[in-house]
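Chemist:
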Amino acid sequence: MSRSLRIKLVFIMLMLIVLLMTVVLVFLVRGVQGFFTDEFDVQMRQMFGESDVLVQELRLAVQSDDAVENMEGVLSVFEGQLGIDGITRNLYILDGSTAAVLSSSSGNPRVNVTENITAAMLQDDIAHIGSSGTDFMDIAVPITYPDSGARYIIYIIDNKHMAQSLSADIFTIIRDAVLIGAVISIAISLIISKTLLTPIEGMTKAAEAMADGDFSRKIVVESEDEIGILSKTFNDMASQIETMLEELKKAEQLRREFVANVSHELRTPLTSIRTYAETIFDTEEIGRETQDEFLRVIINESDRMTKIVQDLLELSRFDSGRSKLSVEEFSIEQSVRGVYTAIALEAKKRGHVLNLELEWKLPKIKGDRARIEQVLMNIIINALKYTPDGGLIDIYSGSADGSVWVKIEDTGVGIPEEDLPHVFDRFYRVDKARSRESGGTGLGLSIAKEIITLHGGDIQVESAYGKGTSVTIVLPIEGPVDD
Ligand code: ADP
Numbered sequence: 000m001s002r003s004l005r006i007k008l009v010f011i012m013l014m015l016i017v018l019l020m021t022v023v024l025v026f027l028v029r030g031v032q033g034f035f036t037d038e039f040d041v042q043m044r045q046m047f048g049e050s051d052v053l054v055q056e057l058r059l060a061v062q063s064d065d066a067v068e069n070m071e072g073v074l075s076v077f078e079g080q081l082g083i084d085g086i087t088r089n090l091y092i093l094d095g096s097t098a099a100v101l102s103s104s105s106g107n108p109r110v111n112v113t114e115n116i117t118a119a120m121l122q123d124d125i126a127h128i129g130s131s132g133t134d135f136m137d138i139a140v141p142i143t144y145p146d147s148g149a150r151y152i153i154y155i156i157d158n159k160h161m162a163q164s165l166s167a168d169i170f171t172i173i174r175d176a177v178l179i180g181a182v183i184s185i186a187i188s189l190i191i192s193k194t195l196l197t198p199i200e201g202m203t204k205a206a207e208a209m210a211d212g213d214f215s216r217k218i219v220v221e222s223e224d225e226i227g228i229l230s231k232t233f234n235d236m237a238s239q240i241e242t243m244l245e246e247l248k249k250a251e252q253l254r255r256e257f258v259a260n261v262s263h264e265l266r267t268p269l270t271s272i273r274t275y276a277e278t279i280f281d282t283e284e285i286g287r288e289t290q291d292e293f294l295r296v297i298i299n300e301s302d303r304m305t306k307i308v309q310d311l312l313e314l315s316r317f318d319s320g321r322s323k324l325s326v327e328e329f330s331i332e333q334s335v336r337g338v339y340t341a342i343a344l345e346a347k348k349r350g351h352v353l354n355l356e357l358e359w360k361l362p363k364i365k366g367d368r369a370r371i372e373q374v375l376m377n378i379i380i381n382a383l384k385y386t387p388d389g390g391l392i393d394i395y396s397g398s399a400d401g402s403v404w405v406k407i408e409d410t411g412v413g414i415p416e417e418d419l420p421h422v423f424d425r426f427y428r429v430d431k432a433r434s435r436e437s438g439g440t441g442l443g444l445s446i447a448k449e450i451i452t453l454h455g456g457d458i459q460v461e462s463a464y465g466k467g468t469s470v471t472i473v474l475p476i477e478g479p480v481d482d
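Heads up, the sequence shown is in numbering that gives the first Met the number 0, so the first residue is 0 and it goes up one at a time.
#1: Inspect the beta-carbon positions of L8 and S192 and report whether they are closer than 8 Å.
#2: For M0, count the other beta carbons within 10 Å of its own beta carbon; 16 or more makes it buried, fewer makes it exposed. Which is it?
#3: Ordered along the chain, which non-local residues of its own chain (more than five positions away) have a Cβ less than 7 Å from that of G455?
#4: Report buried or exposed for F170, applying the criterion of at least 16 other Cβ atoms within 10 angstroms of its Cβ.
#5: A208: beta carbon under 7 Å from a heavy atom of the ligand ADP?
#6: Take the Cβ of P420 as the centre, count every other Cβ of all protein chains shown within 10 Å, and call the residue buried at 16 or more, exposed below.
#7: With a threshold of 7 Å (Cβ to nearest heavy atom), would I414 be considered close to the ligand ADP?
#8: If G337 and E288 are in contact, beta carbons under 8 Å, what's the gap, nearest whole angstrom?
#9: Locate the alpha helix (DSSP H) running through R370, then write down its first and last residues.
#10: Going by C-alpha to C-alpha distance, which of E313, D388, V422, I451 sits closest to D367?
#11: What does a CB cutoff of less than 7 Å around E345 pick up in its chain, not counting 5 residues either side in sequence?
#12: Which same chain residues end up closer than 8 Å to K231 when comparing Cβ atoms and leaving out the 5 residues on each side of it in sequence?
#13: Just to confirm the assignment, what range does the alpha helix (DSSP H) spanning Q333 have?
#14: Throw me the rounded Cβ distance for the F233 and R425 pair, which I believe falls under 8 Å.
#15: If you draw a straight line from the C-alpha of V296 to the C-alpha of R255, how long is it?
#16: Hey, could you find the ends of the beta strand (DSSP E) L442 is sitting in?
#17: Mind checking who T218 pairs with in its DSSP beta bridge?
#18: Reducing DSSP to helix, strand and coil, say where S469 ends up.
#19: Please report the residue range of the beta strand (DSSP E) in which I153 lies.
#20: Let me check you understand the geometry: is the CB of R382 closer than 7 Å to at least one non-hydrogen atom of the ligand ADP?
#21: Can you tell me where the beta strand (DSSP E) with D506 in it begins and where it stops?
#22: Looking at the structure shown, is Y275 part of a helix, part of a strand, or coil, going by DSSP?
#23: Of the choices S147, E264, F317, whose alpha-carbon is the least far from that of S301?
#24: Taking C-alpha atoms, which residue in S50, G72, E49 lies nearest to A60?
#25: Could you give the distance in angstroms between the alpha-carbon of V261 and the alpha-carbon of I380?
#26: Would the C-beta of Y464 count as close to the ligand ADP, meaning under 7 Å from any of its heavy atoms?
#27: Under 8 Å, with one C-beta from each stretch per pair, do the segment 135-153 and the segment 56-70 reach the 3-pair mark?
#28: Looking at the structure shown, is R321 part of a helix, part of a strand, or coil, going by DSSP?
Following this line, the structure appears as structure tokens:
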């Protein structure tokens, strides 16, 4: 591509030079031709004016018998002023009636009878000047002496060789100028094309590298001009695409992991169900008690699968933006108390101390009540699940800066520091066995985060491994902002 641009540039420069020089040539040649014609015209008019010495002298000379000789004598005096050189400009004395050559500076015995000669032959007293041909200019001046009937024509013809040789010189000069100009213009176009095309070639290479998946190649920005701006924009674009691709790769990686997790999570209960069902089926004399126990496992595993599928459906609704909140104004205090009451019995069974501490007159908030209660329940159940029997679980709630917050603290197993950033990841579980044992899917906190985020709120987990965990949610009183 760049090569053809280079050729185009050279071609344009050459065309410009040739065109320009041709125009100059035409003007110069026409100027030179015009100059010579005008000069001849002016010179002749000056010499052959009615009252000029030359004409007076010729009129006198024609009155004697040796008219031709006398006229030759007069004319020889003025030869220089008339520019007669015998080569390009010649002088003739012609017979006024026949145009026969009576005297010639060139030695030619005849002249072509031009328009001016004819005119001079017809009119006796007017000088006829003009460039009646393209390759000559002439003047025919009738000199008569009516008394004796003598009729002569002084005829000067210039073959324009001077102008032509000058034009030829000009042509040579212009031709040389075109040649030198062509060399210079080729050099200049090569330099220009180099400065213009080097970054473009760089861009082409970088784009080719990008097409092969290599985004590291950057163009060196050398100037601040349009090309420099283009190079910089190109580099920015490459960086953005690189970042986007990395994000896409990460997303793709997450998707793969997710699919692998889903398959694994679903296969585990399915395998159990099949194994237990087969055992019941294959064992002939299975005791009633064992059968009940196996059936219980089957029911539990089915429930687990149902829970996983439900959670996945919910997450997929969040992902596709199909999950809509049904926003209403409600008392967060009632919700917290409700969840507390619902869990109190279970906490007691496990020997936990469950405390509830609420700020006086908690404001009402706007939000999806059922969903927020689902989140609270999830967090409190986690506190119960991950705290060995006989622990302490505190629920606090208050308001500040247009928000309400709920904090659930436990004295349970805690979360190791390195796991903390991942607890909101889908299927992430610190202790798989414990989570599974207690019916966890590893999706609870991911769903909680989606719900809180949809409300424009925030959810944070702090934990000291082996000591306990605290989860805080913050919700705006005004509810989610519509977009
Ligand atoms: P799960 O269904 O496994 O409880 P969650 O998404 O609710 O899944 O939580 C993710 C993981 O975070 C849990 O598996 C557990 O390891 C950890 N976790 C959550 N809450 C607590 C807590 N209160 N104490 C200790 N670990 C917790």
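Where a beta carbon is used, it is the ideal one built from N, C-alpha and C, also for glycine.
Modeler: Taking the geometry as given:
#1: Taking the sequence shown and counting its residues from 1, the one referred to as residue 8 is at position 9. Taking the sequence shown and counting its residues from 1, the one referred to as residue 192 is at position 193. Result yes, Cβ atoms of L8 and S192 sit closer than 8 Å.
#2: As a first step, residue 0 is located in the sequence shown; it is residue number 1 there, counting from the start. Confidence at M0 is low in this model, with a pLDDT of 47, below 50, so the placement of that residue is unreliable and no value is reported for it.
#3: Your numbering for residue 455 matches position 456 in the sequence shown. Closer than 7 Å at the Cβ level, and outside the excluded window around G455, lie P475, P479, V480.
#4: As a first step, residue 170 must be located in the sequence shown, where it is residue number 171. Classification for F170: exposed.
#5: As a working note, residue 208 is residue 209 in the sequence shown. A208 Cβ: outside cutoff for every heavy atom of the ligand ADP.
#6: The count along the sequence shown starts at 1 and reaches residue 420 at position 421. Looking at its Cβ environment, which holds fewer than 16 other Cβ atoms inside 10 Å, P420 is exposed.
#7: As a first step, residue 414 is located in the sequence shown; it is residue number 415 there, counting from the start. It does: the Cβ of I414 is within 7 Å (strictly closer) of some heavy atom of the ligand ADP.
#8: On the sequence shown, position 338 is the one that residue 337 refers to. On the sequence shown, position 289 is the one that residue 288 refers to. G337 to E288, Cβ: 39 Å. No contact.
#9: Taking the sequence shown and counting its residues from 1, one reaches residue 370 at position 371. Segment 368-384, the alpha helix (DSSP H) holding R370.
#10: The residue given as residue 367 occupies position 368 in the sequence shown. It is I451 whose Cα lies nearest to the Cα of D367.
#11: Position 346 of the sequence shown, counting from 1, holds the residue named residue 345. Result list for E345: L383, in chain order.
#12: Counting from one through the sequence shown, the residue named residue 231 turns up at place 232. Correct list, in chain order: V220.
#13: One-based indexing of the sequence shown puts residue 333 at position 334. Run containing Q333: 331-348, per the alpha helix (DSSP H) assignment.
#14: Your numbering for residue 233 matches position 234 in the sequence shown. Your numbering for residue 425 matches position 426 in the sequence shown. About 38 Å separates the two Cβ atoms, so there is no contact after all.
#15: In the sequence shown, residue 296 corresponds to position 297, counting from 1. In the sequence shown, residue 255 corresponds to position 256, counting from 1. Answer to the nearest angstrom: the Cα atoms are 30 Å apart.
#16: The count along the sequence shown starts at 1 and reaches residue 442 at position 443. No beta strand (DSSP E) contains L442, which DSSP labels as neither H nor E.
#17: Here the question's residue 218 lines up with position 219 in the sequence shown. The question names Thr, yet the displayed sequence has Ile at residue 218. Beta-bridge pairing links I218 to no other residue.
#18: Position 470 of the sequence shown, counted from the start, is the residue given in the question as residue 469. Residue state, collapsed to three classes: strand.
#19: For this step, residue 153 is matched to residue 154 along the sequence shown. Where I153 is concerned, the enclosing beta strand (DSSP E) stretches over 149-157.
#20: As a first step, residue 382 is located in the sequence shown; it is residue number 383 there, counting from the start. For the record, residue 382 in the displayed sequence is Ala; it is not Arg. For the ligand ADP, at least one heavy atom lies less than 7 Å from the Cβ of A382.
#21: Any property of residue 506 remains undetermined from this structure, which presents the chain solely from 0 to 482.
#22: In the sequence shown, residue 275 corresponds to position 276, counting from 1. Y275 falls in the helix class under three-state DSSP.
#23: In the sequence shown, residue 301 corresponds to position 302, counting from 1. Comparing Cα positions, the closest option is E264.
#24: Start at 1 with the first residue of the sequence shown, and residue 60 comes out as number 61. Answer by Cα proximity: G72.
#25: Along the sequence shown, read from residue 1 onward, the residue named residue 261 stands at position 262. Along the sequence shown, read from residue 1 onward, the residue named residue 380 stands at position 381. Spanning the two alpha carbons is a distance of roughly 23 Å.
#26: Working through the sequence shown from its first residue, we reach residue 464 at position 465. Checking the Cβ of Y464 against the ligand ADP gives no.
#27: yes
#28: One-based indexing of the sequence shown puts residue 321 at position 322. Looking at R321 - three-state DSSP - the assignment turns out to be coil, as it is neither helix nor strand.
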